Structure formats: C-alpha cells, structure tokens
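Asks:
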Amino acid sequence: MQFDDRVVLVTGGGTGIGRAIAAAFHQAGARVAIASRDPEHLKKAVSVLAARRDKGADTLLPLRLDVRRAETIDAALESLVGSWGRVDILVNNAGVSGQNPLNNDRSAGDAKWHDVIATNLTGAYLVTRAALPHIPEGGRIINNASVLGKFGVAGYSAYCASKHGVIGFTRALAAEVAPRRITVNAICPGWVDTAMADQGVKESAARLEVTPEQFKKGAMDRVPLGRFLRPEEIAPLVLYIASQEAAGLTGQAINLEGGATTW
C-alpha cells in the first residue's frame with residue numbers, strides 16, 4: 003500500500019499509537035501533518051520520522067493543536083491547507099483516559115468527565131468539521147475508538163461513553179458523506195503497550211488493591227494471544243482502511259485486541 007503525495011493528518015500523533023500511524027504513512031510515501039498539544043512530543047516525533055526517510059523533513063508538518071479548542075483547530079487546518087492544499091486522510095487519534103467513579107469527589111469526577119468527553123468525542127467532531135471542506139471525493143476518515151466503545155468497565159464511565167460515542171459518530175458520519183465517496187471507519191484497539199495503557203494499569207491496580215505487575219499479568223491472561231499489542235501493530239490496519247483496496251469499507255468499527263472480545 004503506497005500513499006505517495008497523499009496528505010494525512012494525524013491528531014495525537016506525537017506519541018503511542020498516533021506516532022506509529024504517522025510513521026507508517028510517512029514510510030509509505032505520504033505527506034504527514036502531525037498534530038499534538040505538546041510541543042515536545044511534536045519535536046521528538048518529527049525528528050524520529052524525518053530520520054527514517056529521504057527528504058523526510060519536507061514531508062512532515064508539525065501542528066500545535068488542542069482538539070478541545072476550536073480556534074487551535076482552525077489555525078492548524080489553515081496552516082495545513084496553506085502548505086499542502088487538502089486533507090486526503092484524517093486520523094482522529096487524539097485521546098485521554100482516566101477513571102471517574104461516580105462515588106468520587108463530585109468536582110474532580112465532573113472535571114474528568116468533561117475533559118474526557120471533550121477530548122475523545124467532541125474533539126473528533128471539531129477536527130472533522132474543520133477538515134471536511136478540505137477532504138476531496140474519495141477521502142478517508144479513520145477514528146480511533148476502543149474495545150471499550152463496545153462494552154463497559156467499572157470506574158471508566160467517561161472513557162467508555164466517549165468511545166461508544168466515537169463509534170456512533172463514525173456510523174452516522176459514514177452515511178452523511180457517502181455521496182462524496184468518503185469512507186468513515188473506526189478502529190477498536192484493546193490493550194496496547196503505550197503510556198495511556200500504563201496509566202490504566204496503575205489506576206486499575208490501585209482500585210483492586212493489587213500491584214501493577216499483578217494487574218497486568220491478569221489482563222494479559224484474559225487476552226487469548228497472551229500479550230499487549232504494540233503500537234506498530236495498529237498502524238497497518240489504519241493504512242489498509244485508508245487504501246484504495248478498502249474503498250468499499252465504511253461505517254465499521256473494527257476490533258484489534260488479540261482476541262480479547264472473542265472468547
């Protein structure tokens with residue numbers, strides 16, 4: 003799958019799954035705009051990716067963007083379109099997690115709820131709304147949901163609600179933009195070895211009063227393949243969804259989780 007000169011925007015592209023997706027598109031010939039609200043993440047991601055490809059710096063565009071703030075999104079899209087003219091492929095990957103049990107302190111629980119929903123769900127909406135006028139016929143929109151968009155986990159009501167919402171958003175938007183031959187799909191990873199997963203392991207271990215190592219072993223035992231996936235294993239699925247070979251795939255939420263939801 004080659005993406006020579008295709009323009010790709012990856013939100014949350016500075017670390018973890020987002021950076022792996024950005025790297026895979028870049029290696030496949032695309033021009034990649036990496037968006038993040040963290041300047042250090044942007045700097046490191048661009049440095050790493052540029053070193054892996056000839057003329058890498060000319061095909062990478064770092065964008066400071068906070069998906070919770072429409073004005074930063076508009077400014078970033080203006081910069082991107084001014085530089086490269088369009089957005090062929092949008093990957094809504096930016097996301098946050100964290101527990102918000104309803105028996106928690108109300109102010110802290112409310113703040114976590116609003117931040118998670120604003121980042122994971124409203125953020126995907128705001129970025130898509132801004133990018134859509136610049137996505138040509140036959141473009142692609144790929145949203146990073148989660149297997150927690152298909153079932154619930156105690157203490158994670160905000161995260162689960164946001165990811166269920168991303169899947170609903172994906173399906174409704176797919177129908178809306180189908181006349182333009184733009185496809186919209188969601189990926190639903192399970193446990194992936196990232197900083198966000200480390201946070202989840204530590205939080206869940208504390209709630210269950212076990213060590214992080216004990217919790218992680220138990221989590222891996224519940225995955226038939228017996229391990230967490232690597233970010234680099236998520237990227238090929240995204241590239242396939244973005245490829246011409248997947249032109250007939252839309253409105254889907256595809257699991258990639260080592261079999262954890264199968265048995």
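Residue numbers (this note's numbering): 3 to 265. Every residue, glycine too, gets a C-beta built ideally from N, C-alpha and C. Owing to the predicted nature of the structure, the values given are computational and were not obtained by experimental measurement.
#1: Taking Asn102 as the reference, which of Ala163, Ala147 and Thr61 has the closest Cα?
#2: Quick one: Cα of Ala22 to Cα of Gly228, how far?
#3: Within a Cβ cutoff of 7 angstroms, which residues of the same chain sit near Val50, ignoring the five residues on either side of it in sequence?
#4: Report the partner residues of Cys190 according to the DSSP bridge assignment.
#5: Considering only C-alpha positions, which residue in the set Ser245, Gly250, Gln246 and Glu235 is nearest to Asn257?
#6: How about Gly253 and Arg173: are their beta carbons less than 8 angstroms apart?
#7: Do the CB positions of Leu241 and Ala30 come within less than 8 angstroms of each other?
#8: Thinking just about the alpha-carbon of each residue, which of Gly220, Arg183, Pro191 and Glu215 is nearest to the one in Ala248?
#9: For Ala72, collect the residues of the same chain with a Cβ closer than 6 angstroms to its Cβ; drop the 5 residues on either side in sequence, then sort them by chain order.
#10: Look at the alpha carbon of Pro138 and the alpha carbon of Pro181, and state the distance between them as a whole number of angstroms.
#11: Return helix, strand or coil for Ser99, following the three-state DSSP convention.
#12: Report the rounded CA-to-CA distance for Asp60 versus Arg108, giving the unit in angstroms.
#13: Could you have a look at Ala64 and say whether DSSP puts it in helix, strand or coil?
#14: Scan the stretch 110-174 and note each continuous alpha helix (DSSP H) run of 4 residues or more that stays entirely inside, going in chain order.
#15: Which residue or residues does DSSP assign as beta-bridge partners of Leu11?
#16: Assign Pro135 to buried or exposed, taking buried as 16 or more other Cβ atoms, counted over all protein chains shown, within 10 Å of its Cβ.
#17: According to DSSP, Leu82 sits in a beta bridge with which residue or residues?
#18: Have a look at Ala160 and Val118 and give me their C-alpha separation to the nearest angstrom.
#19: Reducing DSSP to helix, strand and coil, say where Leu231 ends up.
#20: Could you tell me if Gly154 is buried or exposed, where buried requires 16 or more neighbouring beta carbons within 10 angstroms of its beta carbon?
Replies: Put simply:
#1: By alpha-carbon distance to Asn102, the top candidate from Ala163, Ala147 and Thr61 is Ala163.
#2: C-alpha separation (whole angstroms): 22 angstroms.
#3: For Val50, there are no CB contacts under 7 angstroms within the same chain when 5 residues up- and downstream are skipped.
#4: As computed with DSSP, Cys190 is found in a beta bridge with Asn257.
#5: Cα-wise, what sits closest to Asn257 is Glu235.
#6: It is a contact, given that the beta carbons lie within the stated cut-off.
#7: Yes.
#8: Nearest option by C-alpha distance: Arg183.
#9: Cβ-Cβ distances below 6 angstroms link Ala72 to Leu128 in the same chain, with the five nearest sequence neighbours on each side left out; the list follows chain order.
#10: Looking at the two C-alpha atoms, the distance is approximately 12 angstroms.
#11: Secondary structure of Ser99 (DSSP, three-state): coil.
#12: Cα to Cα, the separation comes out at about 48 angstroms.
#13: The sequence given here places Pro at residue 64; Ala does not occur at that position. Strand.
#14: Listed in chain order, the complete alpha helix (DSSP H) runs (minimum 4 residues) inside the stretch 110-174 are 125-133.
#15: Partner(s): Ala35 and Leu92.
#16: Exposed, by the Cβ-count rule.
#17: Per DSSP, Leu82 has no beta-bridge partner at all.
#18: Across the structure, Ala160 and Val118 are spaced so that their CA atoms are roughly 6 angstroms apart.
#19: Of the three classes helix, strand and coil, the one that applies to Leu231 here is strand, per DSSP.
#20: Exposed, by the Cβ-count rule.
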